[in-house]
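Engineer: Below is a structure I'd like to ask you about.
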Amino acid sequence: MEEYDSLISLTDSMASDFLFIDGKKIDVPDAGKFFNKLNELIKEADSRKIFQLKNVAVGLNSLLEKMVLNEIDDEEAGFNAFEKGIILMQNISESFKNTGGYEGGIEVFEELIPTLMGEQPAAGNEQPATSVVDAQDESLLRDFIIEGIEYIDEIEINILNLEQAPENKDYINNIFRPFHSIKGVASFLNLEQIRGLAHSLETLLDRARSGELVVTSHLIDVILDGADSLKAMIVKLRDDLEGNPAKPLKVDLPALIARIESVSDGEPDVQERKKVGEILVEEGVVTEKVLEQELDVAKQTIPPKKIGEILIAGGKATPKQVSQALRKQADQVMDTAAIRVNIKKLDDLIDMVGEMVITQSMIRQNRIVQSNSDSKLTKNIAQLSSITSELQRTSTSLRMVPIKQTFQRMSRLVRDLAKDAGKTVSVIMEGEDTEIDRNMVDEIYNPLVHMIRNAVDHGIEFPEEQVKLGKTEKGIIQLRAYHRGGNIVIEISDNGKGLDKDSILKKAVEKGIVDGSHDLPDQDIYRLVFHPGLSTAKKVTDISGRGVGMDVVRQAVEKLRGKIEINSVYGKGTTVSARFPLTMAIINGMVVRIGNEKYIIPTTAIRKLLRPARELYNKVIDKGETINIMGKLLPLVRLYNLFGIEPEYKDPWDAVIVVVEGQNRSKCLLVDEIIGGEEVVIKNLGKGLKSVKGVSGGAIMGGGNVGLILDTEGLFELSESLG
Amino acid sequence: MNIDKNIKILVVDDFATMRRVIKNLLKQAGYQNVTEAEDGVAALMVLKSQEIDFIISDWNMPNMTGIELLKAVRADNKFSGLPFLMVTSEGLKENVVAAVKAGVSNYVVKPFTAKTLDEKIVKILEKM
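And the structure:
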């Protein structure tokens, strides 16, 4: 069968190559040939589905790899096995050509391979060589010093590039290479410490290059510290060589290498241990002054004694106090030790804790439990409540992360945007340690990007204009974060041109957004920038300024149940502050009742609660019903109609009106009763109810009843579609 | 077999000190006729203008890496048989295998002695 001819010719040519090998060793160029033929053979065998042949070829390929890397102890056995493999492949190919199949086994060969390839450590020519270079060759060392320092300086520049484009593999490579080169030469020059440090830095960068590590500012810090130390070591080499008075090297190499090796994804390493002396001062065993004196003493002793010993010798502390301090120091390491947990597991845990809190409160409010007279049960239930709420607090805190990373991404963004726009901006950060639910981090990213873009694009001015206005040439953008009332507030301020009230107002009047007949407070004018279709940017750039900017930001913030405010001084700058809930797992809501049903309205959406006077109600044919709220006619939405419930009251003057705000419009919701504010744990409705309009989720309330959380925008759309 | 120690060797490495190191080792082993290039691109230029008998190249270089240089050299009929010794680092086995597949004559792992280097060169030249 001719279709097998190519297999025959490939295996035959390998066999003849093998015949011409002299000595019982496959050398590198031969190996190269075999690799390529095996590769071809594997492809051919695969396409023809001749798996016996493929398996043998794959086995030979890995055997050859080991042989090339000198990882096979018994070279001759490897050589013989290779020969057997080739003959076997010839037989299989022949058999297929003649009979269209192969009945023999390949087990003999398959068994041979693993015994040969037992995991031996790499042997061969990798033993460190001693005195590889003439040690007398000082000039070589000098060259290394000069070039090494140059290379490290280059690293610093490339790190700045990397910081702005952490995904750029070229930048990582540009940093990797100098470390690699320094390591190489250091190994020849027997500079073991320099080689070791360069090696661990190289490995770190290799992990970043392969995508195993994400480039974070922490990683960059470690690289910079490593580069500094490497430079210090090379400088010390130079000083030694030139006979300069040797300054003691301030590098704690083992600690540094340990730190480099412990870098893991995005996590800062554990904080440094407190010194024993510090602990003793904290404990009040010795005063700071005594400690300082004794530390001086300790420095002068030869060999240097530990501070603990000195304090004991001087009668300043008892051995017991010192050993307690030492134990405490060791405990700190335990304290700061961390383990990594899959975020999914954490989410599940927090979910389950949420369920438990609810169940616990259902038990507590159970009638039988409440009316029981067993004081022990009452006490135990109270205890259970306090434990569950503590548990909830702790588990939620597990998912809290500092806002720092987000801020750093922002500051990088500022740099990029400013560069594109031809502006110079420096970023000041404040409150980076403020914590927020990890699940919120991604959610708030987009609105923040918009805010930053606005600040760079519309706020900060070009350098010459900044100077003209008596500001520094470099614009300043300040990022601030802090906690306020269960929310995280993020402020983005710029010292740019500020909002032009008159121009905003003029535009708003032009577009008919406001009527301009009565004076608006400044705050209300600034708030107009959040109105859709109003943009004051004169030029549309690819960054922002399409008239959707702040409107989109507001919607995004409100979707997260947040609030956005803007403040500005014309000519001085603008501050946009966004307030987000710390977590999406809990919502602050107003519980309302319609008939027998309970609903939760997010507190952030509520503007007013009132019972309107009869004359404030209007009904216009074709225009629907409205309520006059402070001179504005707002549409009335009869919730019971939307949800098909029999209400207690149908007339607005008997019922209660909740004025809620959606995107760019407000409406009046008609409900029977306001039950009160409550913090509820949000539960997803599940797939089946996901597309139900007007409802964003469910909540199990204290009494064990389920309440639906209303989505105002969805309700508005629903009411509009029903006419 | 007697090896002609007067062959012209091209040492390719971006780190000048490393080139000097290798030159020194070659000198110790009796090879005097050495020229240098700082990366693959420069090496190809040298190959065009000078008669080179042997290449010793580093793996990791900017512009054009060692393996790219090797492939470029092997792709040129004129140089398909030119001895090419790759210098690699410990622990980079996949590099070695890739180089072997691309037709490298042999490889040597940093750091190495003059003796090791000489043995590798002799072994390659003996096969010629």
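Residue numbers (the working numbering), protein chains in the order written: chain L, 98 to 820; chain C, -8 to 119. Note that CB positions come from ideal geometry on N, CA and C, so glycine has one too.
1) Give a yes or no on contact between the stretch 723 to 738 of chain L and the stretch 755 to 770 of chain L, applying the rule of three or more CB pairs nearer than 8 Å.
2) Taking C-beta pairs closer than 8 Å, name the residues in chain L that G94(C) reaches, listed in chain order.
3) Quick one, which of R711(L), I806(L) and E694(L) has its alpha-carbon nearest E770(L)'s?
4) Could you tell me if G221(L) is buried or exposed, where buried requires 16 or more neighbouring beta carbons within 10 angstroms of its beta carbon?
5) Can you list the residues of chain L that S80(C) reaches, using a CB-CB cut of under 8 Å?
6) What is the DSSP secondary structure of F822(L), reduced to helix, strand or coil?
7) Would L60(C) count as contacting chain L if we go by Cβ distances under 8 Å?
8) Which residues in the same chain have their Cβ closer than 8 Å to the Cβ of S482(L), if we skip the five residues on either side of it in sequence?
9) What three-state label does DSSP hand N693(L) in the structure shown?
10) Between the beta-carbon of Q290(L) and the beta-carbon of L338(L), is there less than 8 Å?
11) Could you have a look at F75(C) and say whether DSSP puts it in helix, strand or coil?
12) Compare the Cα-Cα distances from L782(L) to each of E775(L), G519(L), G774(L) and S793(L) and report the closest residue.
13) At a CB distance below 7 Å, what residues from the stretch 31 to 61 of chain C approach chain L? Give them in sequence order.
14) Whose CA, out of D170(L), I169(L) and V155(L), lies closest to the CA of G182(L)?
15) Quick one: list the residues of chain L neighbouring M9(C), beta-carbon separation under 7 Å, in chain order.
16) Between the stretch 232 to 253 of chain L and chain C, which residues of the former have a C-beta closer than 8 Å to a C-beta of the latter?
17) Report the residue from I661(L), R711(L), R506(L) and S326(L) whose alpha carbon sits nearest the alpha carbon of S314(L).
18) Return the residues of the stretch 550 to 575 of chain L that lie within a Cβ-Cβ distance of less than 8 Å from chain C, sorted by chain order.
19) Just the Cα atoms here: how many angstroms apart are E309(L) and D303(L)?
20) At a cut of 8 Å, does the stretch 328 to 335 of chain L reach the stretch 277 to 293 of chain L through at least three beta carbon pairs?
21) Does any residue of chain L bring its CB to less than 8 Å from the CB of K101(C)?
22) Around the Cβ of Q149(L), are there at least 16 other Cβ atoms within 10 angstroms (buried) or fewer (exposed)?
23) Could you tell me which residues DSSP puts in a beta bridge with E770(L)?
24) Where does E758(L) fall in DSSP's three states?
25) I'd like to check one pair, G774(L) with M687(L): are the Cβ atoms closer than 8 Å?
26) What distance in whole Å lies between the Cβ atoms of N188(L) and G201(L), which are believed to be in contact at a cut-off of 8 Å?
27) Please list, in chain order, the chain C residues whose beta carbon lies closer than 8 Å to that of E162(L).
28) Just to confirm before moving on: does the CB-CB distance between A682(L) and T493(L) stay below 8 Å?
29) Can you give me the start and stop residues for the alpha helix (DSSP H) that L316(L) sits inside?
30) Tell me whether D445(L) is buried or exposed, calling it buried when 16 or more other Cβ atoms sit within 10 Å of its Cβ.
31) Would you call the stretch 275 to 283 of chain L and the stretch 240 to 260 of chain L touching, i.e. three or more CB-CB distances under 8 Å?
32) Grouping DSSP H, G and I as helix and E and B as strand, with all else coil, what is N341(L)?
33) Please tell me whether K(-1)(C) has its Cβ less than 8 Å away from any Cβ of chain L.
34) Are L60(C) and G94(C) closer than 8 Å when you measure CB to CB?
35) For P699(L), write down the residues that DSSP places opposite it in a beta bridge.
Structural biologist: The relevant details are as follows:
1) yes
2) P126 and G129
3) E694(L)
4) Only weak support is given to the placement of G221(L): the predicted model assigns it a pLDDT of 39, under 50, and the question is left unresolved by the model.
5) H277, K280 and G281
6) Past the edges of chain L, shown from 98 to 820, lies residue 822(L), and the structure says nothing about it.
7) no
8) Q457, S458 and R461
9) coil
10) no
11) strand
12) S793(L)
13) N51 and P53
14) V155(L)
15) S278, G281 and V282
16) D234, L237, D240, F241, E244, G245 and Y248
17) R506(L)
18) none
19) 9 Å
20) yes
21) yes
22) buried
23) R690(L)
24) strand
25) yes
26) 7 Å
27) K84 and V88
28) yes
29) S314 to L338
30) exposed
31) yes
32) coil
33) no
34) no
35) G686(L)
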